[in-house]
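Taking it in order: structure first as structure tokens, then the write-up.
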């Protein structure tokens, strides 16, 4: 137990190189010029980010014929197809965040500490950068070619086991299939964030542990893992949001077969499928609320993580 | 780290990861070659590239990408520079704004934009303004992170004073001093934005503008094989963009800004 405070200091010493101590000139007179400089950015953000978001918020409380109501918000928790859409979205996001997180962590461990050749590490990191950004329509078609009805894997299994999977009622266009697709960009993102964190674990920490008689297991359980935990959890939250907000991949993969919140919002844009504009707004508001929660948790965990990891 | 040979489970994990990476790509390639029954051929590519609509939609995507990159890079570089120079205290606010695309996913932002600007008093949906604005917002996290990291590496106060004492205007300082000094950082933001916009589907399809992403999807509902050929084209675009970033960002691992939201 006693080694942790000592580690705190070891972790922070020499971390901050103070920024140049050039204080801006006394600015009281020129304050408005200062604000003028950032005006375009904030004007843009207000017009195309805040006003649209705020209008969603306001209109979530609009009754069908006009007037204020909480009914739309209540409907989010009671109307069965909406509740189901949220359940499906949350499940897919949660499962792919967890599995993507665990597998991504193992991959990061394998390439950083597993003793694999350096070239393999470089290659994996580079490719993870590509894979984590390969999404949307092309990704969906890639997986249709992989495990769709005429996909390579599907045909291979059919030949090996002499089956007709389609006739057996097997289909990949469901939430399991979509989760497999999402994993393609989920675990590489975990690798990208986890690899530097693992590389940032200092040798001194391990040596300190060994000198005090700790085994490799003790080191991981009592030192490395607690230090990595905020990064690990934070990234999983990021992955969660990554999947929760996804629309293009899901739409191109399965059309509207899978009842996801994002798909429902998309349908609501194209035509008022809920026959209630207020409810459509509430649906989008719910997504923002969940994403905002994820963001807050992520930022909080990242702040804890930055104490330890360079 | 002690030098040791990789245990078997490490290799297993690694091979599993590589399989996940490459089997879908391999399958897509194999699938795209099967247009002519009974033999492998590049027929799907020939068909894909002989469709005039491909060039039209691809061209539009290029146009959207260029506009997004110009607006986003000028606005973000200027703002990040100005904040660093004069308004350090509002830096957290700017950072917060650039992270907003995570809180407001593309489909929700489109919804908001359509509801807000799809009717008077401010009817914008007949113009591509909401589309470009959406893309610019989407690019904020990537662009800002890259530029902010770049700015930390140069002494903008000295540069600004030197330029000012030579009589430079703010425009000259931005385009002839700050931009060239941030070339690496800006390019990494630019290529990421390019990769994202070129394959983007949500904004373009829901705002009814021609683009490469919706085109692949549309072709997919009519034909087999060609969408896979086009998907590989799209993959190559992503691959080349990210490779370019890694090429320009050699030496500094921090270059690759990672915030999600374009899926």
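Protein chains in written order, with the numbering used here: chain A, 8 to 317; chain B, 85 to 347.
Ideal Cβ placement from N, Cα and C applies to all residues, glycine included.
Quantities reported herein were computed from a predicted structural model and do not represent experimental measurements.
Review point. Which residue from A:112, A:151, A:149 and A:142 puts its Cα closest to that of residue 132 of chain A?
Key: A:112
- Message: Please state whether the Cβ-Cβ distance between residue 246 of chain A and residue 136 of chain A is less than 8 Å.
- Response: no
ask   = Which stretch, first to last residue, makes up the alpha helix (DSSP H) that contains residue 309 of chain A?
value = 284 to 313
What are the complete alpha helix (DSSP H) segments, minimum 4 residues, inside the stretch 139 to 192 of chain B?
-> 175 to 187
- For residue 163 of chain A, collect the residues of the same chain with a Cβ closer than 8 Å to its Cβ; drop the 5 residues on either side in sequence, then sort them by chain order. none
- Any idea if residue 218 of chain B is buried or exposed, counting beta-carbon neighbours within 10 angstroms, 16 or more meaning buried? buried
Give a yes or no on contact between the stretch 290 to 301 of chain A and the stretch 80 to 93 of chain A, applying the rule of three or more CB pairs nearer than 8 Å.
yes
Would residue 312 of chain A count as contacting chain B if we go by Cβ distances under 8 Å?
no
Kindly indicate if chain B contains any beta-carbon less than 8 Å away from that of residue 308 of chain A. no
Neighbouring residues, chain B, relative to residue 114 of chain A (Cβ below 8 Å): 97, 98 and 101
Any chain B beta carbon closer than 8 Å to residue 231 of chain A: no
On the criterion of 16 or more Cβ atoms from any shown chain inside 10 Å, does residue 228 of chain A qualify as buried, or is it exposed? exposed
Query raised in the report: Assuming residue 231 of chain B contacts residue 273 of chain B under a Cβ cut-off of 8 Å, what Cβ separation, rounded to an integer in Å, is found between them?
Result: 6 Å
Using a Cβ-Cβ cut-off of less than 8 Å, list which residues of the stretch 238 to 251 of chain B approach chain A; keep chain order. 239 and 241
Name, in chain order, the residues that DSSP records as bridge partners for residue 75 of chain A. A:69
Original post:
For residue 288 of chain A, which residues from the same chain have a beta carbon less than 6 Å from its beta carbon, with the 5 sequence-adjacent residues on both sides left out?
Top reply: 63, 66 and 67
task = Report the rounded CA-to-CA distance for residue 261 of chain A versus residue 230 of chain A, giving the unit in angstroms.
result = 44 Å
query = What are the boundary residues of the alpha helix (DSSP H) that includes residue 122 of chain A?
reply = Residue 122 of chain A -> no alpha helix (DSSP H), and no H or E assigned at all.
* Asked: Whose C-beta lies closer than 7 Å to the C-beta of residue 185 of chain A among residues of the same chain, with five residues either side of it excluded?
  -> 99, 257, 260, 261 and 265
Any beta carbon of chain A sitting closer than 8 Å to that of residue 107 of chain B?
yes
Original post:
Which of helix, strand or coil does DSSP assign to residue 171 of chain A?
Top reply: coil
Cβ-based burial, residue 286 of chain A [other Cβ within 10 Å; buried from 16]
buried
**Prompt:** For residue 285 of chain B, which option in B:264, B:162, B:315 and B:177 has the closest C-alpha, if you only look at C-alpha atoms?
**Reply:** B:315
task: For residue 65 of chain A, return the contacting residues in chain B, with the cut-off set at a CB-CB distance below 7 Å.
output: Near residue 65 of chain A there are no residues of chain B at all, since even the closest Cβ is about 10 Å away, more than 7 Å.
Exercise for the section: List the residues of chain B that residue 41 of chain A touches, going by C-beta distances under 7 Å, in chain order. Expected result: 170 and 171
Exposed or buried, which one is residue 183 of chain A when buried takes at least 16 other CB atoms within 10 Å? exposed
Beta-carbon separation (whole angstroms), residue 283 of chain B vs residue 322 of chain B, contact threshold 8 Å: 7 Å
Check: What number of angstroms, rounded off, separates the C-alpha of residue 130 of chain B from the C-alpha of residue 233 of chain A?
Finding: 55 Å
For this session: Measure from the alpha carbon of residue 105 of chain A to the alpha carbon of each residue in A:268, A:303, A:244 and A:284, then state which is nearest.
Result: A:244
Chain-ordered neighbours of residue 126 of chain B on chain A, where CB pairs are closer than 8 Å: Those do not exist, as residue 126 of chain B stays about 16 Å from chain A at its closest Cβ, beyond 8 Å.
- request: Could you tell me the distance, in whole angstroms, from the CA atom of residue 74 of chain A to the CA atom of residue 84 of chain A?
  value: 21 Å
Exercise. So with Cβ pairs under 8 Å, would you call residue 23 of chain A a contact of chain B?
Worked result: Any reading at residue 23 of chain A is ruled out, since the residue's pLDDT is 40, under 50, leaving its predicted position unreliable.
Next on the checklist: Please report the straight-line C-alpha distance between residue 123 of chain B and residue 124 of chain A, rounded to a whole angstrom.
Outcome noted: 39 Å
Item to check | Partner residues on chain B for residue 133 of chain A, Cβ-Cβ distance less than 7 Å | outcome: 330
Exercise. Note down, one range per segment and in chain order, each alpha helix (DSSP H) of at least 4 residues found wholly within the stretch 154 to 212 of chain A.
Key: 159 to 168 and 182 to 206
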